[in-house]
Every structure is written in structure tokens, then in C-alpha cells.
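Residue numbers (the numbering used here): 615 to 836.
For each residue, glycine too, the CB sits at the ideal point set by N, CA and C.
Working notes, structure below.
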């Protein structure tokens, strides 16, 4: 989804806000509204469930705390039937011409990340998700922007894979061991016993002869 992730400069690809409304005379009256400042979204929708993850940097922890509290109050306390809870996402690539409304919150979980940031995970009834258009939509321009964004992401992924391969090759080269050279260095054809033999003869107690092969046994008390 175009609302997921960040652009090439690390900025969120979408703006988001939570709202709690009271429906009066078929019109929503906002009771509470929180803009999810600096949040980076990841949207997954399948069948009847839509999951939205919002990652906040440490500098935006206050917005996370307010959003988490708002979700907890909605889920933990019975609410009137004439009230509604929703998440509104507006992809920047679409210049505000299209936005998505997620409704019927069924689950919310927030936690702190190792880097000090915060993560808020929300699950909605996907059958109630509604995409909206505002005014005239230039779909040709949208397609161009989407294709450009997909190419950018593909290029980033290719670059990451190339970097990973270079690191792997470098690590392999650094850890390579020339066993042939080691054997040549340690063995003299005129003196069959390898130079630098790691076996300490003084610690060999006894041995047996089998078909011309001497098998030595190391002193167990050494």
C-alpha cells in the first residue's frame, strides 16, 4: 500500500490521524482527534482484517502515548452506539486526492522499541474500510507516481542486495585458508616426517602395529 514505509529521505509516505466521533443527525461531531506526528505506517489487509502498525521515533513519544490512551479508552470502556472510532490515512504520493478510512477498531497494542521509539499496532474490521476520493483525481499522474516509487524501492532493494553480496564475498575471502600451501610448508619430501609436527612424541606411551601402520596412543595421565 502507498501509505506504508518511507521515501528515499526517510520521511513517512502517509499522514495519519485517529478520531472519535459522535454521530448526530447523520453528521459526525468530533469528540477527540489526534494527529499521529512523525509516525511511519505499515499497512497489511487480508480478508476481514486490516492491521496498521505505526512506528514513532523517540521524539514523538508524546503522540504515541496520547494515541495509545485513546485506543485503550475505546476498547476498555463500553461506548454509546452513536459513537465511532476511526483511523484516517492519506498517502502523500496521491497529494491528498485519495485517503483511506479504517473503522471498527478491534485490537490495539503499544510497546517501546530498543532504539527508544514506540510502536502502536491497530487492528480494524476490514469490511468497514472505505477509500475516499476528494475532487477530480488525475489517475494517470497517480500511476506515474506509483511506478516511479516502485522503481525507487526496487533500486534500493537491488543496492542493498549488492552491498550484502559484497560483504559476504569480502568475509569469505578474509576467512579463506590455503591448505595446499600449509601442507607444502610443513612437509619435506626428503624427510617424510612433516615439519612442525604438532604431536609431542614424549607424551606417547605405547602403540600397536597394524599392517605396517603404527597407531600411537596418547598418555592419558599427561
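Name the residue from the options whose alpha carbon lies nearest to the alpha carbon of residue i.
{"i": "residue 736", "options": "631, 776 and 766", "result": "631"}
{"i": "residue 677", "options": "687, 738, 657 and 733", "result": "733"}
{"i": "residue 651", "options": "742, 668, 661 and 770", "result": "668"}
{"i": "residue 619", "options": "693, 716, 704 and 715", "result": "704"}
{"i": "residue 645", "options": "625, 696 and 673", "result": "696"}
{"i": "residue 670", "options": "716, 629 and 709", "result": "629"}
{"i": "residue 719", "options": "771, 655 and 633", "result": "633"}
{"i": "residue 700", "options": "654, 649, 623 and 640", "result": "649"}
{"i": "residue 745", "options": "721, 672 and 717", "result": "717"}
{"i": "residue 673", "options": "729, 784 and 739", "result": "729"}
{"i": "residue 721", "options": "687, 616, 707 and 766", "result": "687"}
{"i": "residue 616", "options": "786, 682 and 659", "result": "659"}
{"i": "residue 624", "options": "675, 778, 782 and 766", "result": "766"}
{"i": "residue 708", "options": "738, 692, 693 and 762", "result": "762"}
In this structure, what does DSSP give as the bridge partners for residue i?
{"i": "residue 671", "result": "Beta-bridge pairing links residue 671 to no other residue."}
{"i": "residue 663", "result": "660 and 739"}
{"i": "residue 700", "result": "633 and 717"}
{"i": "residue 732", "result": "670 and 726"}
{"i": "residue 858", "result": "Residue 858 falls outside the range modelled here, since the chain spans only 615 to 836, and no answer is possible."}
{"i": "residue 649", "result": "631"}
{"i": "residue 680", "result": "Residue 680 is not bridged to any residue."}
Which same chain residues end up closer than 7 Å to residue i when comparing Cβ atoms and leaving out the 5 residues on each side of it in sequence?
{"i": "residue 726", "result": "732"}
{"i": "residue 680", "result": "648"}
Skipping 5 residues on each side, what residues in its chain have a beta carbon closer than 8 Å to that of residue i?
{"i": "residue 637", "result": "643, 696, 697 and 698"}
Use the C-beta contact count for residue i: other C-beta atoms within 10 angstroms, 16 or more gives buried, fewer gives exposed.
{"i": "residue 657", "result": "buried"}
{"i": "residue 684", "result": "buried"}
{"i": "residue 713", "result": "buried"}
{"i": "residue 666", "result": "buried"}
{"i": "residue 775", "result": "exposed"}
{"i": "residue 769", "result": "exposed"}
{"i": "residue 784", "result": "exposed"}
Are the Cβ atoms of residue i and residue j separated by less than 8 Å?
{"i": "residue 702", "j": "residue 715", "result": "yes"}
{"i": "residue 627", "j": "residue 635", "result": "no"}
{"i": "residue 772", "j": "residue 664", "result": "no"}
{"i": "residue 748", "j": "residue 710", "result": "yes"}
Ignore the nearest five residues each way along the sequence and tell me which others in residue i's own chain have a CB closer than 6 Å to its CB.
{"i": "residue 741", "result": "662"}
{"i": "residue 654", "result": "620, 626 and 669"}
{"i": "residue 675", "result": "732"}
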